[in-house]
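Below is one structure, written out as structure tokens; the observations come after it.
Protein chains in written order, with this note's numbering: chain A, 15 to 687; chain B, 13 to 332.
What follows is the structure, given as structure tokens:
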């Protein structure tokens, strides 16, 4: 049995050690928003040149899978996806953590990630050559419809407030088109600033839109960041395993979806997570709980995104087409090792390939103990840190993360500005998630749409290209289903009002969910904020229209269509609000200190814009200490402050060294350091 | 009071750690690891060539090199920031032709061609036209014949708009008197995928693009002066009667503030690696054509390329 030999080869102490070290390192890097698997893999590739190819691959694959998993920690504990793959984890993971189920959410994410990772790796082991055909069957129209499918999640995310959700999506789509268009090469919506040529980085936007509001709200109240149950039960592994077992169909469906989407070179973990989340929500009897802390939401996203790791290796190894950026770097490492990629790889280099796949399987299993330990530690630190340290630490991590993406201060500033805008919009009922979905899916949708148009136009078969291909029809059907389902579910719930959903009731007993504020949402008011914002968005739409005059049709058709849509929707919003038919957002929490929040935003802004002058380290140290004082609601003795100042210096120094010495990022040359 | 002392002590310590190493002579360069920024995503030709260089970098310099990716705007994002980087020689950036000529011609690129400082162009990948192996087209003539009869019906996938691939496709259209439809993709990987999956009739890519695909793709012609050693059976466009020679050059650039002797030293390092037998065999197997255009020949080379590409681009309506 040859395969057994490869398995034993993967079990050598060196390979086991590399798998464990890779998973631990990857998990930590993935948990820090902005530090990505791509970065870690890119830095570590040279070390693998001296290793045997299989060992090097195992180390890189372990880092990759660990990083995708680690993204869940930040998503659950601070509402910020550590990697774009865990965007949908925030939807339910953070509400779970807020109500005291953070430990449970982390354990569930771990179990789901391990299952998803195993399914993906097993598919790679057993079915790689036939599955690779999937990558080829997806053409531009399929990518376009896949992105549209992802966008239908907006309807589900903004039930009761669909108009604002759609406007948010239009804003996100417009943001995604800033910069040089891939198709057509036109420069759009940059405001003539060269810094925006490369567009708005998705990761820095994610950090800003999700994390800055958390920081601003954290400082405003005395309440703890996350609720801690009096009887904190640790990992709650048994409970989590029980939930996962009851959701086994969700786990399997999400893992398979993740594997298949991972095979598509243009898609990746973020789309896999979003699509699986949409499907899990549609199929669940408790779909109304999604977005409010439903364990199945975390399970679906995390199973799917780890399944993309194994899935992504399928086209990489079989066709030489990397599924994701980390795959591309690993492909380069293979070429340097002198290994010829291609269909013959599984026979000519069977030893290397199968040892690697077994190594990936072992690394995935090792995620369970490693992840539970790291997750437990991260959870404990988050709940035991005093606010005066937690607020500046999270703020500092947003700065570090958004800087690290391109070693560029511009990304940090974009992160902060988008974050403040996102916070303001959120107060008026515009949630960040539709904006993020638009931003993540916009490029894929636009490229697919224009490429389909070019091909369809050339062959005189436009309608057939868009609507006539079998896979496209399947995706369109799924999209329609998920688009209409929330309305159907609402209608059904109204009809069956008298009969309580027994499953939902039983579930609610074991995991109390905050009741939806249905009473408040139903009140129609003359909403002044919506009138003002609606008019601003109409103006934004016209600016976008004016900016895209005179560029090629390839580069302008999509942004112009979105701008027109934005103008129409925003005008409708303003008119409805004026007519007294607006939906007021939930009022801000009582006892919130607007003054502290404002001060924090000012300090954060000064910090971010002082980086080019003072240097990243110096600006961060000053900002950190200033935020420490703003975030403290009690008076503390000078000993406490001294201890905190030392912690501040240590945290800043540690990350400064990590970035400049280990990741070798170019630090901005300021006055100091 | 105590807080302040702590703060200043920490600040002073960190300042010390961050002090740049004292200026040093070019002969000793480099004395620490270097950073090599690629203005593209991982996995493309620039990345693979740089990884090949990286694998022998330490052997020739005694120091490692770290590769980082800064994709955006077809490279313009990184190139427009090149001169903001400290010119100590420890940070270098990949640079490509014709990208760095065509982008500023279009305006709005954030840099001018002459503001960049290439110190060495070390290899070249000619354009090539591909079809999937199950395609009905066995030769370029068959494809041209079909395209003549069916204007616009031949769709060709390529990497980016107004790129080397796009320029090559336009030149081909002009030389053969045909109309093909160019479909831009976000990189070599996605465009090759489209060709493999029969989403387009063929692809206008680099000769290196199909190295990993083995028999799945058929290269109909290559836009080099002579047949390439890696593909002895593939005719050149010139042989077939179309006067098209083109592709992309890749090299290494430094910030404008880098001193002359360091520029020269980096150019020498790249030349030395270009002569490494290990490196040569990997590159040639991969379908790359090694060129050796060192720093002293750079002004002449860039001027000549600028003239060629500007004329070519003007004729095709780029940069109006």
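In this text, a Cβ means the ideal position worked out from N, Cα and C, and glycines have one as well.
Exposure of residue i, with buried meaning 16 or more beta-carbon neighbours within 10 Å
i	result
residue 508 of chain A	exposed
residue 41 of chain A	buried
residue 314 of chain B	buried
residue 298 of chain A	buried
residue 259 of chain A	exposed
residue 316 of chain A	buried
residue 616 of chain A	exposed
residue 236 of chain A	exposed
residue 151 of chain B	exposed
residue 212 of chain A	buried
residue 563 of chain A	exposed
residue 475 of chain A	exposed
residue 338 of chain A	buried
residue 115 of chain A	buried
8 Å Cβ cutoff, residue i in contact with chain A
i	result
residue 266 of chain B	no
residue 125 of chain B	no
residue 311 of chain B	no
residue 35 of chain B	Annotation note: pLDDT 48 at residue 35 of chain B (below 50); position unreliable, no value reported.
residue 326 of chain B	no
residue 145 of chain B	no
residue 255 of chain B	no
residue 208 of chain B	yes
Proximity to residue i [Cα-Cα], best of the options
i	options	result
residue 214 of chain A	A/239, A/185, A/227 and A/198	A/185
residue 219 of chain A	A/94, A/580, A/545 and A/468	A/94
residue 11 of chain B	B/142, B/313 and B/73	Because chain B spans 13 through 332 in this model, residue 11 of chain B falls outside it and cannot be assessed.
residue 226 of chain A	A/427, A/330 and A/553	A/427
residue 375 of chain A	A/77, A/567 and A/223	A/77
residue 331 of chain A	A/356, A/278 and A/569	A/356
residue 130 of chain A	A/287, A/465, A/566 and A/418	A/287
residue 566 of chain A	A/550, A/464, A/666 and A/613	A/464
residue 36 of chain A	A/84, A/230, A/18 and A/446	A/84
residue 406 of chain A	A/432, A/347, A/614 and A/314	A/614
residue 173 of chain B	B/302, B/85, B/77 and B/274	B/85
residue 233 of chain A	A/343, A/128 and A/408	A/408
Partners in chain A for residue i, counting only beta-carbon separations shorter than 8 Å
i	result
residue 167 of chain B	468, 469, 472 and 473
residue 129 of chain B	Going along chain A, no residue has its Cβ under 8 Å from residue 129 of chain B, so there is no contact; the nearest lies around 17 Å.
residue 45 of chain B	678
Any C-beta of chain B under 8 Å from that of residue i
i	result
residue 465 of chain A	yes
residue 143 of chain A	no
residue 680 of chain A	yes
residue 644 of chain A	no
residue 280 of chain A	yes
residue 683 of chain A	yes
residue 211 of chain A	yes
residue 149 of chain A	yes
residue 52 of chain A	yes
residue 333 of chain A	yes
residue 138 of chain A	no
residue 346 of chain A	yes
7 Å Cβ cut-off: residues of chain B touching residue i
i	result
residue 63 of chain A	67
residue 60 of chain A	66 and 76
residue 420 of chain A	82
residue 339 of chain A	53 and 54
Contact list for residue i against chain B, beta-carbon separation under 9 Å
i	result
residue 564 of chain A	Under the 9 Å cutoff, chain B gives no residues; its nearest Cβ is about 12 Å from residue 564 of chain A.
residue 56 of chain A	54, 78, 79, 80 and 81
Supposed close pair residue i, residue j - CB separation, criterion 8 Å
i	j	result
residue 179 of chain A	residue 189 of chain A	At roughly 16 Å, the Cβ-Cβ gap does not stay under 8 Å, so residue 179 of chain A and residue 189 of chain A are not in contact.
Proximal chain A residues relative to residue i, where beta-carbon distance stays under 7 Å
i	result
residue 203 of chain B	Chain A residues near residue 203 of chain B: none, gap ~10 Å exceeds 7 Å.
residue 219 of chain B	Those do not exist, as residue 219 of chain B stays about 15 Å from chain A at its closest Cβ, beyond 7 Å.
residue 73 of chain B	Under the 7 Å cutoff, chain A gives no residues; its nearest Cβ is about 13 Å from residue 73 of chain B.
residue 195 of chain B	465, 468 and 469
Amino acids of chain A, ordered along the chain, whose beta-carbon sits closer than 9 Å to that of residue i
i	result
residue 120 of chain B	194, 201, 204, 206, 208 and 211
Contacts of residue i in chain B (Cβ-Cβ under 8 Å)
i	result
residue 488 of chain A	Simply none; closest approach about 17 Å.
Near-chain E residues of the stretch 88 to 114 of chain B - C-beta to any C-beta below 7 Å
In summary, chain E is missing from the structure at hand, where the protein chains are A and B.
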